[in-house]
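The structure under discussion appears below in the form of C-alpha coordinates.
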Amino acid sequence: MRPNNNVGLFTNTAGSEFEGAFIDVKNGVVLDSSQKLYFSLYHAEGDSFSFQIKLEQSDQSAPDIFIQRRFKTSTWHSDSFDFSKAKIVGSEEPINAKGTYKRITIFFEGNELKSGEYHLDDIKGFIRTGGNQQNNGTPNYGKLVWADEFDYSGKPKSENWHHQVIAPNNGTWFNGELQHYTDKIDNSYVSDGTMKIVLKKERYTYANSTLDYTSARLNSKFAFTYGRVNVRAKIPAGNGVWPAIWTLGTNIGETGNYWGRDQNTVGWPKCGEIDIMESWGHNPRYVSSAVHTQARFGGVETGGTYLTDPYNDYHVYSLVWSPEKLLFFVDSIQNL
(Lines of atoms letter the chains of each structure in order from A and count residues from 1; the text may use other names and numbers.)
(Lines give C-alpha, C1' and ligand atoms only; values in the text may rest on other atoms or scores of the structure.)
Protein backbone atom coordinates (compact mmCIF):
# COMPACT_ATOMS: atom_id res chain seq x y z
CA MET A 1 0.00 0.00 0.00
CA ARG A 2 0.98 3.64 -0.26
CA PRO A 3 2.93 4.98 2.72
CA ASN A 4 0.33 7.62 3.66
CA ASN A 5 -2.71 5.37 3.00
CA ASN A 6 -4.59 8.33 1.48
CA VAL A 7 -6.09 6.50 -1.48
CA GLY A 8 -9.55 5.81 -2.84
CA LEU A 9 -11.07 2.40 -2.09
CA PHE A 10 -13.80 1.14 -4.43
CA THR A 11 -15.83 -1.91 -3.41
CA ASN A 12 -18.01 -3.82 -5.85
CA THR A 13 -20.73 -5.96 -4.26
CA ALA A 14 -21.86 -7.60 -7.53
CA GLY A 15 -25.32 -6.20 -6.85
CA SER A 16 -25.35 -4.18 -10.07
CA GLU A 17 -23.53 -4.24 -13.39
CA PHE A 18 -22.45 -0.61 -12.93
CA GLU A 19 -21.37 0.14 -9.38
CA GLY A 20 -19.32 3.31 -9.39
CA ALA A 21 -18.73 6.76 -7.98
CA PHE A 22 -18.57 10.28 -9.39
CA ILE A 23 -16.53 13.39 -8.58
CA ASP A 24 -17.85 16.85 -9.45
CA VAL A 25 -14.99 19.22 -10.39
CA LYS A 26 -15.81 22.87 -9.74
CA ASN A 27 -13.89 24.33 -12.69
CA GLY A 28 -14.07 21.22 -14.83
CA VAL A 29 -11.58 18.98 -16.62
CA VAL A 30 -10.41 20.97 -19.66
CA LEU A 31 -9.82 18.75 -22.69
CA ASP A 32 -8.97 21.75 -24.90
CA SER A 33 -5.64 22.08 -23.05
CA SER A 34 -4.71 18.45 -22.39
CA GLN A 35 -6.78 15.46 -23.38
CA LYS A 36 -5.15 13.09 -20.90
CA LEU A 37 -6.28 12.00 -17.46
CA TYR A 38 -3.65 10.31 -15.27
CA PHE A 39 -4.22 7.82 -12.48
CA SER A 40 -2.68 5.05 -10.39
CA LEU A 41 -4.37 1.68 -9.79
CA TYR A 42 -3.95 -1.22 -7.39
CA HIS A 43 -5.88 -4.48 -7.10
CA ALA A 44 -4.67 -6.84 -4.36
CA GLU A 45 -6.03 -9.99 -6.00
CA GLY A 46 -3.76 -9.45 -9.02
CA ASP A 47 -6.29 -10.75 -11.56
CA SER A 48 -7.34 -8.96 -14.73
CA PHE A 49 -9.94 -6.21 -14.24
CA SER A 50 -11.54 -3.44 -16.26
CA PHE A 51 -11.33 0.24 -15.36
CA GLN A 52 -13.50 2.97 -16.90
CA ILE A 53 -13.50 6.74 -16.62
CA LYS A 54 -16.58 8.54 -17.92
CA LEU A 55 -16.72 12.32 -18.37
CA GLU A 56 -20.12 14.00 -18.07
CA GLN A 57 -21.76 17.43 -17.99
CA SER A 58 -19.97 19.09 -20.91
CA ASP A 59 -20.02 22.90 -21.09
CA GLN A 60 -20.66 22.56 -24.84
CA SER A 61 -23.59 20.12 -24.43
CA ALA A 62 -21.39 17.47 -26.01
CA PRO A 63 -22.25 13.82 -25.34
CA ASP A 64 -20.94 11.94 -22.32
CA ILE A 65 -17.72 10.11 -23.19
CA PHE A 66 -15.68 7.26 -21.74
CA ILE A 67 -12.53 5.17 -22.03
CA GLN A 68 -12.24 1.64 -20.65
CA ARG A 69 -9.30 -0.76 -20.64
CA ARG A 70 -8.27 -3.91 -18.84
CA PHE A 71 -5.37 -4.01 -16.42
CA LYS A 72 -3.59 -6.73 -14.49
CA THR A 73 -1.42 -5.57 -11.62
CA SER A 74 -0.88 -6.56 -7.99
CA THR A 75 1.27 -3.48 -7.34
CA TRP A 76 0.59 0.22 -7.88
CA HIS A 77 0.48 0.99 -11.60
CA SER A 78 0.52 4.51 -13.08
CA ASP A 79 -1.17 5.04 -16.42
CA SER A 80 -3.30 7.48 -18.42
CA PHE A 81 -6.34 7.71 -20.71
CA ASP A 82 -6.15 9.86 -23.84
CA PHE A 83 -9.60 11.36 -24.47
CA SER A 84 -8.74 12.25 -28.04
CA LYS A 85 -9.54 8.54 -28.53
CA ALA A 86 -12.67 8.43 -26.38
CA LYS A 87 -16.02 6.78 -27.17
CA ILE A 88 -19.51 8.23 -26.87
CA VAL A 89 -21.63 6.72 -24.13
CA GLY A 90 -24.49 4.73 -25.63
CA SER A 91 -23.27 4.47 -29.21
CA GLU A 92 -19.57 3.75 -28.55
CA GLU A 93 -18.72 5.88 -31.58
CA PRO A 94 -15.15 7.29 -31.43
CA ILE A 95 -14.75 11.00 -30.69
CA ASN A 96 -11.85 13.44 -30.40
CA ALA A 97 -13.17 15.00 -27.19
CA LYS A 98 -12.90 18.74 -26.54
CA GLY A 99 -14.43 21.21 -24.11
CA THR A 100 -14.82 21.16 -20.34
CA TYR A 101 -16.49 18.38 -18.37
CA LYS A 102 -17.70 18.96 -14.80
CA ARG A 103 -18.15 15.35 -13.64
CA ILE A 104 -15.78 12.37 -13.54
CA THR A 105 -17.50 8.99 -13.08
CA ILE A 106 -15.45 5.91 -12.27
CA PHE A 107 -16.30 2.22 -12.73
CA PHE A 108 -14.36 -0.91 -11.94
CA GLU A 109 -15.63 -4.03 -13.75
CA GLY A 110 -18.32 -2.01 -15.54
CA ASN A 111 -21.05 -4.09 -17.17
CA GLU A 112 -20.04 -7.11 -15.06
CA LEU A 113 -21.54 -8.66 -11.94
CA LYS A 114 -18.22 -9.05 -10.18
CA SER A 115 -17.28 -8.31 -6.60
CA GLY A 116 -13.90 -7.03 -5.43
CA GLU A 117 -11.89 -4.19 -3.95
CA TYR A 118 -9.92 -1.74 -6.08
CA HIS A 119 -7.72 1.21 -5.16
CA LEU A 120 -7.30 4.49 -7.03
CA ASP A 121 -4.84 7.35 -6.43
CA ASP A 122 -3.31 10.39 -8.14
CA ILE A 123 -6.13 11.05 -10.60
CA LYS A 124 -5.12 14.20 -12.47
CA GLY A 125 -6.20 16.24 -15.47
CA PHE A 126 -5.89 19.84 -16.65
CA ILE A 127 -8.12 22.10 -14.56
CA ARG A 128 -8.83 25.65 -15.67
CA THR A 129 -6.97 28.02 -13.32
CA GLY A 130 -6.88 31.36 -15.10
CA GLY A 131 -4.68 32.46 -17.98
CA ASN A 132 -5.51 36.15 -18.29
CA GLN A 133 -2.72 38.51 -19.35
CA GLN A 134 -0.68 40.72 -17.05
CA ASN A 135 0.06 44.26 -18.18
CA ASN A 136 3.41 43.17 -19.64
CA GLY A 137 1.76 40.49 -21.77
CA THR A 138 2.83 37.57 -19.56
CA PRO A 139 -0.01 35.07 -18.97
CA ASN A 140 -1.19 35.28 -15.37
CA TYR A 141 -1.67 31.91 -13.67
CA GLY A 142 -2.56 32.95 -10.15
CA LYS A 143 -4.23 29.91 -8.57
CA LEU A 144 -1.89 27.56 -6.68
CA VAL A 145 -2.62 23.94 -7.64
CA TRP A 146 0.48 22.09 -6.34
CA ALA A 147 3.28 22.96 -3.95
CA ASP A 148 5.74 21.57 -1.44
CA GLU A 149 6.93 24.10 1.14
CA PHE A 150 9.10 21.50 2.95
CA ASP A 151 7.56 22.29 6.33
CA TYR A 152 8.52 18.87 7.67
CA SER A 153 11.67 16.84 8.28
CA GLY A 154 13.03 13.56 6.96
CA LYS A 155 12.52 11.95 3.57
CA PRO A 156 10.74 13.97 0.84
CA LYS A 157 6.97 13.36 0.98
CA SER A 158 6.15 10.18 -0.90
CA GLU A 159 2.80 11.62 -2.01
CA ASN A 160 4.68 14.43 -3.80
CA TRP A 161 7.95 12.88 -4.95
CA HIS A 162 9.20 9.75 -6.70
CA HIS A 163 12.86 8.74 -6.55
CA GLN A 164 14.06 7.63 -9.97
CA VAL A 165 16.73 5.05 -9.17
CA ILE A 166 16.69 2.62 -12.12
CA ALA A 167 19.36 3.60 -14.65
CA PRO A 168 17.46 3.69 -17.99
CA ASN A 169 20.42 3.32 -20.36
CA ASN A 170 21.40 -0.35 -19.96
CA GLY A 171 22.48 0.14 -16.35
CA THR A 172 23.92 3.63 -16.82
CA TRP A 173 22.53 7.15 -17.02
CA PHE A 174 22.33 9.31 -20.13
CA ASN A 175 24.79 12.14 -20.84
CA GLY A 176 27.71 10.16 -19.45
CA GLU A 177 26.74 10.88 -15.84
CA LEU A 178 29.13 9.40 -13.30
CA GLN A 179 26.69 8.88 -10.42
CA HIS A 180 23.88 6.55 -9.47
CA TYR A 181 20.70 8.14 -8.18
CA THR A 182 19.39 6.64 -4.94
CA ASP A 183 16.47 6.98 -2.53
CA LYS A 184 18.86 7.03 0.46
CA ILE A 185 18.12 9.75 3.01
CA ASP A 186 21.73 10.95 2.89
CA ASN A 187 21.25 11.78 -0.82
CA SER A 188 17.92 13.61 -0.40
CA TYR A 189 16.23 14.85 2.76
CA VAL A 190 14.16 17.72 4.14
CA SER A 191 15.17 19.95 7.04
CA ASP A 192 14.84 23.59 8.10
CA GLY A 193 12.31 24.38 5.38
CA THR A 194 14.25 23.12 2.35
CA MET A 195 14.95 19.90 0.51
CA LYS A 196 18.61 18.99 0.18
CA ILE A 197 19.90 16.97 -2.80
CA VAL A 198 23.38 15.74 -1.91
CA LEU A 199 26.13 14.55 -4.25
CA LYS A 200 28.48 12.11 -2.50
CA LYS A 201 31.75 10.58 -3.63
CA GLU A 202 31.20 6.92 -2.79
CA ARG A 203 31.44 3.68 -4.72
CA TYR A 204 27.90 2.40 -5.18
CA THR A 205 26.48 -0.60 -7.01
CA TYR A 206 22.93 -0.86 -8.30
CA ALA A 207 21.68 -3.67 -10.56
CA ASN A 208 25.23 -4.90 -11.25
CA SER A 209 26.39 -1.40 -12.28
CA THR A 210 29.06 0.26 -10.11
CA LEU A 211 29.76 4.02 -10.18
CA ASP A 212 31.86 6.31 -8.00
CA TYR A 213 29.25 8.90 -6.97
CA THR A 214 25.67 9.03 -5.68
CA SER A 215 23.02 11.73 -5.82
CA ALA A 216 19.21 11.95 -6.15
CA ARG A 217 16.84 12.43 -9.07
CA LEU A 218 13.24 13.22 -8.08
CA ASN A 219 10.10 13.22 -10.24
CA SER A 220 7.20 15.32 -8.95
CA LYS A 221 3.95 13.33 -8.89
CA PHE A 222 2.07 16.09 -10.68
CA ALA A 223 1.28 16.45 -14.38
CA PHE A 224 0.03 19.63 -15.99
CA THR A 225 -0.34 21.46 -19.28
CA TYR A 226 0.05 25.25 -19.09
CA GLY A 227 0.65 27.25 -15.95
CA ARG A 228 3.44 28.84 -13.94
CA VAL A 229 6.20 26.96 -12.12
CA ASN A 230 8.28 28.71 -9.44
CA VAL A 231 11.24 26.92 -7.83
CA ARG A 232 13.28 28.66 -5.13
CA ALA A 233 16.72 27.09 -5.07
CA LYS A 234 20.43 27.53 -4.63
CA ILE A 235 22.77 25.31 -6.61
CA PRO A 236 26.11 23.54 -6.06
CA ALA A 237 29.43 24.80 -7.37
CA GLY A 238 32.45 22.93 -8.67
CA ASN A 239 33.78 21.18 -11.76
CA GLY A 240 31.60 18.30 -12.91
CA VAL A 241 28.30 19.34 -11.29
CA TRP A 242 25.22 19.70 -13.51
CA PRO A 243 22.20 20.77 -11.45
CA ALA A 244 18.90 21.07 -13.33
CA ILE A 245 15.23 21.86 -12.78
CA TRP A 246 13.39 20.46 -15.77
CA THR A 247 10.20 18.88 -17.08
CA LEU A 248 9.60 15.92 -19.37
CA GLY A 249 6.40 14.81 -21.03
CA THR A 250 4.71 12.08 -19.01
CA ASN A 251 4.68 9.98 -22.19
CA ILE A 252 8.47 9.64 -22.23
CA GLY A 253 8.21 5.97 -21.25
CA GLU A 254 11.59 6.13 -19.50
CA THR A 255 12.55 3.15 -17.35
CA GLY A 256 12.05 3.96 -13.68
CA ASN A 257 10.24 7.23 -14.35
CA TYR A 258 7.19 7.82 -12.12
CA TRP A 259 4.78 7.91 -15.07
CA GLY A 260 5.96 4.53 -16.34
CA ARG A 261 5.00 3.21 -19.73
CA ASP A 262 1.56 3.19 -21.29
CA GLN A 263 0.02 3.09 -24.75
CA ASN A 264 0.97 6.77 -25.23
CA THR A 265 4.75 6.21 -24.78
CA VAL A 266 6.71 8.06 -27.48
CA GLY A 267 10.20 8.39 -25.94
CA TRP A 268 12.58 11.34 -25.94
CA PRO A 269 12.69 13.87 -27.60
CA LYS A 270 9.17 13.46 -28.98
CA CYS A 271 7.78 13.68 -25.44
CA GLY A 272 9.25 17.19 -25.15
CA GLU A 273 11.57 18.68 -22.54
CA ILE A 274 11.49 22.10 -20.87
CA ASP A 275 14.65 23.05 -18.96
CA ILE A 276 13.66 25.69 -16.42
CA MET A 277 17.18 25.98 -15.01
CA GLU A 278 20.47 24.31 -15.87
CA SER A 279 23.97 25.13 -14.71
CA TRP A 280 27.39 23.63 -15.39
CA GLY A 281 30.33 23.65 -13.01
CA HIS A 282 32.76 24.60 -15.79
CA ASN A 283 30.83 27.85 -16.46
CA PRO A 284 30.52 29.47 -13.02
CA ARG A 285 27.53 31.70 -12.14
CA TYR A 286 25.78 31.05 -15.48
CA VAL A 287 22.23 29.65 -15.41
CA SER A 288 20.25 28.85 -18.53
CA SER A 289 16.95 27.58 -19.91
CA ALA A 290 16.13 25.62 -23.06
CA VAL A 291 13.48 23.62 -24.93
CA HIS A 292 13.89 20.26 -26.69
CA THR A 293 11.34 18.96 -29.21
CA GLN A 294 11.19 16.39 -31.98
CA ALA A 295 12.03 19.18 -34.44
CA ARG A 296 15.04 20.48 -32.47
CA PHE A 297 16.87 18.66 -29.69
CA GLY A 298 20.31 18.01 -28.28
CA GLY A 299 22.59 20.98 -28.88
CA VAL A 300 19.84 23.61 -28.89
CA GLU A 301 20.33 27.30 -28.21
CA THR A 302 19.92 28.33 -24.59
CA GLY A 303 18.82 31.56 -22.99
CA GLY A 304 20.72 32.46 -19.87
CA THR A 305 22.08 34.98 -17.43
CA TYR A 306 24.98 35.38 -15.02
CA LEU A 307 24.16 35.65 -11.31
CA THR A 308 26.41 37.16 -8.66
CA ASP A 309 26.21 34.14 -6.37
CA PRO A 310 23.75 31.33 -7.24
CA TYR A 311 25.63 29.03 -4.85
CA ASN A 312 25.08 30.78 -1.51
CA ASP A 313 22.00 32.87 -2.38
CA TYR A 314 18.53 31.57 -3.16
CA HIS A 315 16.96 32.59 -6.47
CA VAL A 316 13.49 31.90 -7.90
CA TYR A 317 13.58 30.11 -11.26
CA SER A 318 10.28 30.33 -13.15
CA LEU A 319 8.54 28.97 -16.22
CA VAL A 320 5.35 30.50 -17.62
CA TRP A 321 3.80 28.10 -20.14
CA SER A 322 0.78 29.20 -22.16
CA PRO A 323 -0.71 27.83 -25.42
CA GLU A 324 1.16 30.60 -27.27
CA LYS A 325 4.64 30.62 -25.75
CA LEU A 326 7.18 29.64 -23.10
CA LEU A 327 8.74 32.34 -20.94
CA PHE A 328 11.59 31.85 -18.46
CA PHE A 329 12.47 34.08 -15.51
CA VAL A 330 15.06 34.40 -12.75
CA ASP A 331 13.77 36.42 -9.78
CA SER A 332 10.89 37.67 -12.02
CA ILE A 333 13.35 39.02 -14.64
CA GLN A 334 12.92 37.36 -18.01
CA ASN A 335 15.79 35.05 -18.91
CA LEU A 336 17.04 35.88 -22.42
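Numbering-wise, the numbering used here puts 125 at position 100 of the sequence shown, and it's gapless, one number per residue.
Beta carbons are placed, not taken as given, at the ideal position from N, Cα and C, and that holds for glycine.
### Query
Quick one: Cα of H102 to Cα of Y67, how far?
6 Å
### Query
In this structure, does DSSP put K168 in helix, strand or coil?
coil
### Task
Evaluate F43 with the Cβ neighbour count: other Cβ atoms within 10 Å of its Cβ, from every protein chain shown; 16 or more gives buried, anything less gives exposed.
exposed
### Message
Does E151 come out as helix, strand or coil in the three-state DSSP assignment?
### Response
Per the sequence shown, the amino acid found at residue 151 is Phe instead of Glu. Coil.
### Message
Which of the three DSSP states is assigned to G141 in this structure?
### Response
strand
### Query
Which whole-angstrom value describes the C-beta separation of D89 and T125, a residue pair presumed to lie in contact below a C-beta threshold of 8 Å?
With a Cβ gap of about 13 Å, D89 and T125 do not count as contacting.
### Query
Under the three-state reduction of DSSP, which class applies to S116: helix, strand or coil?
coil
### Task
For Q77, collect the residues of the same chain with a Cβ closer than 6 Å to its Cβ; drop the 5 residues on either side in sequence, then sort them by chain order.
F91, Q93, F132, G135
### Message
Assuming contact is defined by CB atoms lying nearer than 9 Å, are R128 and V50 in contact in what I supplied?
### Response
yes
### Query
Are V341 and R257 close, meaning C-beta to C-beta below 9 Å?
yes
### Message
Extract the residue ranges of the beta strand (DSSP E) inside the segment 255–328, only unbroken runs of 3 or more that lie entirely within it.
### Response
269–273, 298–303, 311–317
### Message
For T235, report the span of its beta strand (DSSP E) as first-last.
### Response
234–240
### Query
Apart from the five residues just before and just after G71, which ones in its own chain have a Cβ nearer than 6 Å to its Cβ?
S99
### Query
Does the segment 191–201 touch the segment 209–229, meaning 3 or more C-beta pairs lie closer than 8 Å?
no
### Task
Look up Y63 in the DSSP assignment and give the residues it is bridged to.
S105, K149
### Message
In whole angstroms, give me the CA-to-CA distance for W171 and E326.
### Response
30 Å
### Message
In this structure, how does DSSP classify N244 when only helix, strand and coil are distinguished?
### Response
strand
### Query
The beta strand (DSSP E) with G45 in it runs from where to where?
45–55
#### Entry: Y251 versus P164: straight-line alpha-carbon distance, rounded
10 Å
### Query
Quick one: what's L352 bridged to in DSSP?
V345
### Message
Between H187, G218, F199, which has its C-alpha nearest K209's C-alpha?
### Response
H187
### Task
Could you check if V345 is buried or exposed, using at least 16 other CB atoms within 10 Å of its CB as the buried criterion?
buried
### Task
Taking G150 as the reference, give the member of G141, Y143, L80, D176 with the closest Cα.
L80
### Message
Just to confirm my understanding: we take S313, look at its own chain, exclude 5 residues before and 5 after, and list those with CB closer than 6 Å. What are they?
### Response
E303, T327, G329
#### Entry: F199 - DSSP class collapsed to helix/strand/coil
helix
### Task
Take the Cβ of Q189 as the centre, count every other Cβ of all protein chains shown within 10 Å, and call the residue buried at 16 or more, exposed below.
buried
### Task
List the residues that DSSP assigns as beta-bridge partners of S83.
Y126
### Query
Do V215 and F249 have their C-beta atoms within less than 9 Å of each other?
no
### Query
What does a CB cutoff of less than 7 Å around A39 pick up in its chain, not counting 5 residues either side in sequence?
L138, K139, S140
### Query
For the candidate residues G218, V316, L145, G281, whose alpha-carbon lies nearest to that of T36?
L145
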